[in-house]
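See below for the structure under consideration.
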Amino acid sequence: MPAARAVQVLLPVALDRALTYAVPEGMVVEPGDVVVAPLGSRSSIGVVWDGAPEAVEGARLKAIEAVVAAAPFPDAMRRFVDWIADYTLSPKGQVLRMALRGLAEEGEAKPKFGLRATGARPARMTPARERALAVAADGTARAKPRLAEAAGVSPSVLDGLVAEGALEIVELEPPAPPPGPDPSRPGPTLTPHQQHAAEALRRTVADRAFRVVLLDGVTGSGKTEVYCEAAAEALRQGRQALVMAPEIALTVPFLDRFARRFGARPAVWHASVGESGRAAVRRGVADGSIKAVVAARSGLFLPFRDLALIVVDEEHDGAYKQEDGVAYNARDMAVVRGRLEGAPVVLASATPSLETRINADRGRYARLVLPSRFGERAMPEIAAVDMRREGPPRGQWLAPRLVSAVTETLAAGEQALLFLNRRGYAPLTLCRRCGHRMKCPNCSAWLVEHRFRASLVCHHCGHSGPSPRACPSCAAEDSMVALGPGVERIRDEAAERFPEARVSILSSDLIGGGERLAAELDAIERGEVDIVVGTQMVTKGHHFPKLTFVGAVDADFALGAADPRAGERTFQTLQQVTGRAGRGDRPGRALLQTFDPDHPAIRALVAGDREGFYAVEAKAREAALMPPFGRLAAVIVSGPDRAAVEAHGRALARAAPKVEQVRVLGPAEAPLAMVRGRHRMRLLAQSPRAVDLPGYMRDWLAAAPPARGALRVAVDIDPQSFL
DNA sequence: TGTTTCCGATAC
DNA sequence: TATCGGAAACAA
Numbered sequence: 000m001p002a003a004r005a006v007q008v009l010l011p012v013a014l015d016r017a018l019t020y021a022v023p024e025g026m027v028v029e030p031g032d033v034v035v036a037p038l039g040s041r042s043s044i045g046v047v048w049d050g051a052p053e054a055v056e057g058a059r060l061k062a063i064e065a066v067v068a069a070a071p072f073p074d075a076m077r078r079f080v081d082w083i084a085d086y087t088l089s090p091k092g093q094v095l096r097m098a099l100r101g102l103a104e105e106g107e108a109k110p111k112f113g114l115r116a117t118g119a120r121p122a123r124m125t126p127a128r129e130r131a132l133a134v135a136a137d138g139t140a141r142a143k144p145r146l147a148e149a150a151g152v153s154p155s156v157l158d159g160l161v162a163e164g165a166l167e168i169v170e171l172e173p174p175a176p177p178p179g180p181d182p183s184r185p186g187p188t189l190t191p192h193q194q195h196a197a198e199a200l201r202r203t204v205a206d207r208a209f210r211v212v213l214l215d216g217v218t219g220s221g222k223t224e225v226y227c228e229a230a231a232e233a234l235r236q237g238r239q240a241l242v243m244a245p246e247i248a249l250t251v252p253f254l255d256r257f258a259r260r261f262g263a264r265p266a267v268w269h270a271s272v273g274e275s276g277r278a279a280v281r282r283g284v285a286d287g288s289i290k291a292v293v294a295a296r297s298g299l300f301l302p303f304r305d306l307a308l309i310v311v312d313e314e315h316d317g318a319y320k321q322e323d324g325v326a327y328n329a330r331d332m333a334v335v336r337g338r339l340e341g342a343p344v345v346l347a348s349a350t351p352s353l354e355t356r357i358n359a360d361r362g363r364y365a366r367l368v369l370p371s372r373f374g375e376r377a378m379p380e381i382a383a384v385d386m387r388r389e390g391p392p393r394g395q396w397l398a399p400r401l402v403s404a405v406t407e408t409l410a411a412g413e414q415a416l417l418f419l420n421r422r423g424y425a426p427l428t429l430c431r432r433c434g435h436r437m438k439c440p441n442c443s444a445w446l447v448e449h450r451f452r453a454s455l456v457c458h459h460c461g462h463s464g465p466s467p468r469a470c471p472s473c474a475a476e477d478s479m480v481a482l483g484p485g486v487e488r489i490r491d492e493a494a495e496r497f498p499e500a501r502v503s504i505l506s507s508d509l510i511g512g513g514e515r516l517a518a519e520l521d522a523i524e525r526g527e528v529d530i531v532v533g534t535q536m537v538t539k540g541h542h543f544p545k546l547t548f549v550g551a552v553d554a555d556f557a558l559g560a561a562d563p564r565a566g567e568r569t570f571q572t573l574q575q576v577t578g579r580a581g582r583g584d585r586p587g588r589a590l591l592q593t594f595d596p597d598h599p600a601i602r603a604l605v606a607g608d609r610e611g612f613y614a615v616e617a618k619a620r621e622a623a624l625m626p627p628f629g630r631l632a633a634v635i636v637s638g639p640d641r642a643a644v645e646a647h648g649r650a651l652a653r654a655a656p657k658v659e660q661v662r663v664l665g666p667a668e669a670p671l672a673m674v675r676g677r678h679r680m681r682l683l684a685q686s687p688r689a690v691d692l693p694g695y696m697r698d699w700l701a702a703a704p705p706a707r708g709a710l711r712v713a714v715d716i717d718p719q720s721f722l
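Going by numbering that gives the first Met the number 0, the letters in the first sequence line up with residues 0 to 722, in that order.
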């Protein structure tokens, strides 16, 4: 009897290795095939992985149950999953789970039924029946709600007609797939600078080789049009393009820009796309019928069949970081994917992240700079308002200088934007009597008052409850006071200060959802609003032609946090927000209300010195050994025995050839370092015994096993050094 | 003694 | 991650 064949199967559970399964007689499987395999008491979907099957004691080997009729998981994707698991120190199976999203949901397409006229007349005629039959008379089949709406009758009228044989239930044809994007449509007219950049990207795509290009252009320089030409080149070759954007930017206007270029909306992939939509996109991407996808970060795990280009728009955006589960930065992983697919990657931003700039400076990435369309002075004139010296009177939030700037703007018949990165009415509610602060019962964050909804909301977990009349702690009546401003409060103050102005709020939790937001944006664009009070939302898409003044109500919003990237974030956000001011023919103005006018980020904004700011930040980052400077930026070994801890740190440094620098920190410093690294620093092992690391780190630690008393190891690694 | 809850080991 | 089983905790 011949030995049963066996293969490795990776399952989408938190297991770090593939399991060995027997292949039943007559079944043929190749690496990449999607199969169903028994796991414990249940069955799971899985992917046949590379590698020789391990010897498992005969009796324990279970057999694959079935091969799933889905496109096989491409080779590059398998290596991508392996790479990410290795780099992020997560179980392979957990990474696979992300890459299989949309597949599990994929079922048989359920047939849909509709109604069609039979030609028969019902015994009794009514006006409603007349209307229904008149609409149905053309002989086409329609879904019941559609027919009812078209005829202006209730669905039960149609039921009656079915019962009497005047309408029949027929299976509806599945809707024709929407037309694909058409790259041969004429593109927009590009400026010479755009044309030059677009041509460079077109050539890069045509070269069919991995390469990273930073597309660096200020707001309004037309980056989208430029990378769309790169996508057009990919489509002309009959290959696929992936455009990634932060979730919040995936709005209808954003998609419409693609529609205008290509004559069709691209396929969309993000969290709020339903299950059936996901299954359809995944299938289309895998079989090659979908050529262009616009996606949030999770779209990076779609199994493209022939990927020719990845664009990461707004590459500096923090939304690319996934923090829970597998921790990764989709911008970096896009670069990895591009390398594995042999496809170019375009990183686009008006305010590139420091990491990306350094990579460009060092020649790892190419750089294309798009100057503004509007000549030299496109950047608005920015000044700081020192809130310590010229702040508003108590109980108000708009400084006199800012108020007069808004007055002038309105007098000129132009629009003003008041930017505040805080939703709701007030970020903190406390009791005047006993000092009790309203905290979220689930997550210890302050509850934010939303006066319009009359509730207190946790912006962390979504918990929400009514605003209390009496203090929950000391029961004092009417003692609760709102502390600090949110956009709602600024709106109230603006309405009071400028009673004749039309004031509007732009915030992600606008009552009425996406439609209301779109309507609000349109109104602003048409100039029907004088003062816009908005959160970070205002930086995304949409051009406001009449906007000439921007006031940052709290320019220090990020500076208080113990986040080493706070300065960079402040600079980037304020640069983007203030960049919205200005009309085609002249630059706008901006005022930054700050308590720290000497902060490097604020000073750089006022001086318009982007390069100087980045130079200073780069130095600070290098000193802190943060990416992209430290290959292995920090090893933290913490434990009771300081000598053992340091010995292990040194041994680890010797054992790890790719490590440029190692820091050994004592237990007290370890928590600080963990915060510093945030997304890249991971706890590797909690005890020497539990050291079970993937890939390269396992090798390092094998050469330098943790000493007794050395309990923790954390690392911070630049992915570029492992490409 | 039966029942519930928690936690760690395990999955081929 | 999902599940299982053993140990401990609990009620009577």
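Built from N, CA and C at the ideal position, the CB exists for glycine as well.
All values reported here derive from a predicted model rather than from experimental measurement.
Where residue i sits in the DSSP three-state scheme
| i | result |
| --- | --- |
| Ala684 | Confidence at Ala684 is low in this model, with a pLDDT of 34, below 50, so its placement is unreliable and the value that follows should be read with caution. In this structure, Ala684 counts as strand in the three-state DSSP scheme. |
| Arg370 | It is worth fixing the name first, because residue 370 is Pro in this sequence and not Arg. Reduced to three states, the DSSP call for Pro370 is coil. |
| Met386 | helix |
| Thr534 | coil |
| Trp48 | coil |
| Ala131 | helix |
| Thr19 | strand |
| Gln395 | coil |
| Pro191 | helix |
| Tyr364 | coil |
| Thr547 | strand |
| Phe79 | helix |
| Leu249 | coil |
| Asp255 | helix |
| Ala689 | Below a pLDDT of 50, predicted positions are generally treated as unreliable, and Ala689, at 27, falls in that range; the measurement from the model is reported next regardless. If DSSP states are grouped into helix, strand and coil, Ala689 belongs with the helices. |
Straight-line gap, residue i to residue j (C-alpha atoms, nearest Å)
| i | j | result |
| --- | --- | --- |
| Pro52 | Pro30 | 12 Å |
| Ala17 | Leu38 | 12 Å |
| Tyr327 | Leu509 | 30 Å |
| Phe548 | Pro379 | 9 Å |
| Pro465 | Asp181 | 51 Å |
| Gln193 | Leu369 | 7 Å |
| Arg579 | Glu448 | 29 Å |
| Glu621 | Ala347 | 24 Å |
| Pro126 | Val161 | 16 Å |
| Gly526 | Ala70 | 50 Å |
| His195 | Arg338 | 25 Å |
| Pro73 | Pro467 | 56 Å |
| Asp286 | Asp32 | 14 Å |
| Gln7 | Glu24 | 16 Å |
Nearest to residue i (by Cα), restricted to the options the options
| i | options | result |
| --- | --- | --- |
| Tyr424 | Val405, Asp491, Arg259 and Thr593 | Asp491 |
| Ser297 | Glu313, Ile309 and Ala329 | Ala329 |
| Ala78 | Val94, Ile63 and Trp396 | The sequence shown places Arg at residue 78, not Ala. Measuring from the Cα of Arg78, the nearest candidate turns out to be Val94. |
| Phe112 | Pro144, Pro586, Asp608 and Ala619 | Pro144 |
| Val345 | Val310, Ala333 and Glu354 | Val310 |
| Cys433 | Thr408, Asp477 and Arg422 | Asp477 |
| Ile504 | Leu520, Ile289, Ala295 and Val47 | Leu520 |
| Ala453 | Trp445, Ala444, Arg281 and Ser463 | Ser463 |
| Leu740 | Asp584, Gln574, Arg582 and Pro599 | Limits of the chain in this structure are 0 at one end and 722 at the other, which puts residue 740 out of reach. |
Beta-bridge partners of residue i, as assigned by DSSP
| i | result |
| --- | --- |
| Met378 | DSSP lists no partner for Met378. |
| Leu308 | Ala240 |
| Asn420 | Per DSSP, none; premise fails for Asn420. |
| Gly464 | Leu455 |
| Cys430 | Met479 |
| Trp445 | Lys438 |
| Gln592 | Val384 |
| Leu401 | Answer by DSSP bridge pairing: none, since Leu401 is not bridged. |
| Ile504 | Val532 |
Whole-angstrom C-beta distance between residue j and residue i, which should lie under 8 Å
| i | j | result |
| --- | --- | --- |
| Ala122 | Glu163 | 6 Å |
| Val532 | Leu417 | 5 Å |
| Leu102 | Ile63 | Actually they do not touch by this definition, with Cβ atoms about 17 Å apart. |
| Ser89 | Val325 | 4 Å |
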